[in-house]
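If you're matching positions, the sequence shown starts at 35 in the numbering used here and goes up one per residue. Working notes, structure below.
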Amino acid sequence: LMIQRGFDKTSNKRIGEEVRKVVKYLTGTENTYRPVFSIIQEMCANSVEHANLNKEDKNWLVTLCYMDDKVAFTMIDLGKGIISTLRKKIPQLFKDTLMFKGNVGTLFGVFDKKYQSSTFDENRNKGLPRIKEINNFEYIDNLRIITNNVYLDFVEKNNCKELKCKFNGTFYYWELTKRNIEKWIQRKFC
Numbered sequence: 035l036m037i038q039r040g041f042d043k044t045s046n047k048r049i050g051e052e053v054r055k056v057v058k059y060l061t062g063t064e065n066t067y068r069p070v071f072s073i074i075q076e077m078c079a080n081s082v083e084h085a086n087l088n089k090e091d092k093n094w095l096v097t098l099c100y101m102d103d104k105v106a107f108t109m110i111d112l113g114k115g116i117i118s119t120l121r122k123k124i125p126q127l128f129k130d131t132l133m134f135k136g137n138v139g140t141l142f143g144v145f146d147k148k149y150q151s152s153t154f155d156e157n158r159n160k161g162l163p164r165i166k167e168i169n170n171f172e173y174i175d176n177l178r179i180i181t182n183n184v185y186l187d188f189v190e191k192n193n194c195k196e197l198k199c200k201f202n203g204t205f206y207y208w209e210l211t212k213r214n215i216e217k218w219i220q221r222k223f224c
């Protein structure tokens, strides 16, 4: 099911309606689910703001696949990819050079907020770390990302690797289950 294709903005209403349907499918009760809504918004916004392409060349797609006990989400953009649009802080650039991290380590660093936003805006560089945080809290499962020549697997870090071919863009995959939703609801009581 393709829920949204876009070029310059997202339809909050359309995304919100679909997330509510997913929650109803998994729990039997129609409700919002802020973690997934917010990461879709972030991924789409990153595509629009950081792809460094002409408006008519910007393109992203969000899809869903309903399975027995989970819903798989994918989001893809055809920009330049995260690593290609990265601006490294000077101290981090030296550290990465000395440690020979490669693009896998660099991409993990992006999710750990070690690099500056390509826009240099003060209120930036929060979205990708937030996606990692949502995954770490287990509000989503099986987060995987392909961008440029890197495959990141947030579940099995030993599977992360540099790829032989380059993908110009960013591909995200994650799953949502009833357990994820219950864990998010229970966070208020912990």
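C-beta: ideal position from N, C-alpha, C; glycine also. Keep in mind the model is a prediction, meaning the values are calculated, not measured.
Pairwise C-alpha distance: residue j and residue i
| i | j | result |
| --- | --- | --- |
| serine 118 | leucine 197 | 15 Å |
| valine 70 | leucine 186 | 19 Å |
| isoleucine 116 | cysteine 194 | 16 Å |
| phenylalanine 154 | glycine 62 | With a pLDDT of only 49 at phenylalanine 154, under the threshold of 50, the placement of this residue in the model should not be trusted, and no figure is reported. |
| isoleucine 165 | lysine 58 | 23 Å |
| lysine 148 | leucine 112 | 24 Å |
| leucine 95 | leucine 141 | 22 Å |
| asparagine 157 | leucine 120 | Because asparagine 157 carries a pLDDT of 48, less than 50, the predicted location of this residue cannot be relied on, and no value is offered for it. |
| glycine 203 | isoleucine 219 | 33 Å |
| isoleucine 179 | threonine 97 | 15 Å |
| proline 163 | asparagine 192 | 20 Å |
| arginine 221 | lysine 114 | 36 Å |
| leucine 60 | glycine 136 | 39 Å |
| phenylalanine 205 | methionine 101 | 20 Å |
| asparagine 170 | valine 56 | 21 Å |
| glutamate 172 | arginine 48 | 25 Å |
| arginine 54 | threonine 108 | 17 Å |
Whole-number beta carbon distance between residue j and residue i, since they are thought to touch under 8 Å
| i | j | result |
| --- | --- | --- |
| glutamate 216 | lysine 104 | About 13 Å; that fails the 8 Å criterion. |
| isoleucine 73 | isoleucine 168 | 6 Å |
| lysine 200 | asparagine 176 | Going by Cβ atoms, the distance from lysine 200 to asparagine 176 rounds to 24 Å, so no, they are not a contact pair. |
| valine 138 | valine 184 | 6 Å |
| lysine 76 | glycine 161 | Before going on, a small fix: residue 76 reads as glutamate here, not lysine. Contact holds; Cβ gap of about 4 Å. |
Member of the options whose CA lies at the smallest distance from the CA of residue i
| i | options | result |
| --- | --- | --- |
| asparagine 214 | Ile174, Thr108, Gln220 and Arg48 | Ile174 |
| lysine 212 | Ala106, Phe142 and Gly50 | Ala106 |
| asparagine 93 | Ile110, Ile180 and Asn170 | Ile110 |
| tyrosine 67 | Asn170, Ala79 and Glu52 | Glu52 |
| alanine 79 | Asn46, Glu172, Leu60 and Cys99 | Asn46 |
| tyrosine 207 | Cys99, Arg221 and Phe171 | Cys99 |
| aspartate 146 | Phe188, Glu172 and Arg54 | Phe188 |
Limits of the unbroken beta strand (DSSP E) element including residue i
| i | result |
| --- | --- |
| threonine 63 | Threonine 63 -> no beta strand (DSSP E), and no H or E assigned at all. |
| tyrosine 193 | The amino acid occupying residue 193 in the given sequence is asparagine; tyrosine does not appear at that position. Asparagine 193 -> no beta strand (DSSP E), and no H or E assigned at all. |
| threonine 181 | 175 to 187 |
| lysine 225 | The structure shown does not extend to residue 225, since the chain spans only 35 to 224, so no value can be given for it. |
| tyrosine 111 | It should be pointed out that residue 111 corresponds to aspartate in this sequence rather than to tyrosine. It spans 104 to 111 - the beta strand (DSSP E) in which aspartate 111 sits, taken as one unbroken run. |
Residue range of the unbroken alpha helix (DSSP H) whose run includes residue i
| i | result |
| --- | --- |
| phenylalanine 171 | Counting along the chain, phenylalanine 171 falls outside any alpha helix (DSSP H), and DSSP gives it neither H nor E. |
| threonine 97 | Element bounds for threonine 97: not the alpha helix (DSSP H) but the beta strand (DSSP E), 94 to 100. |
| threonine 140 | 136 to 145 |
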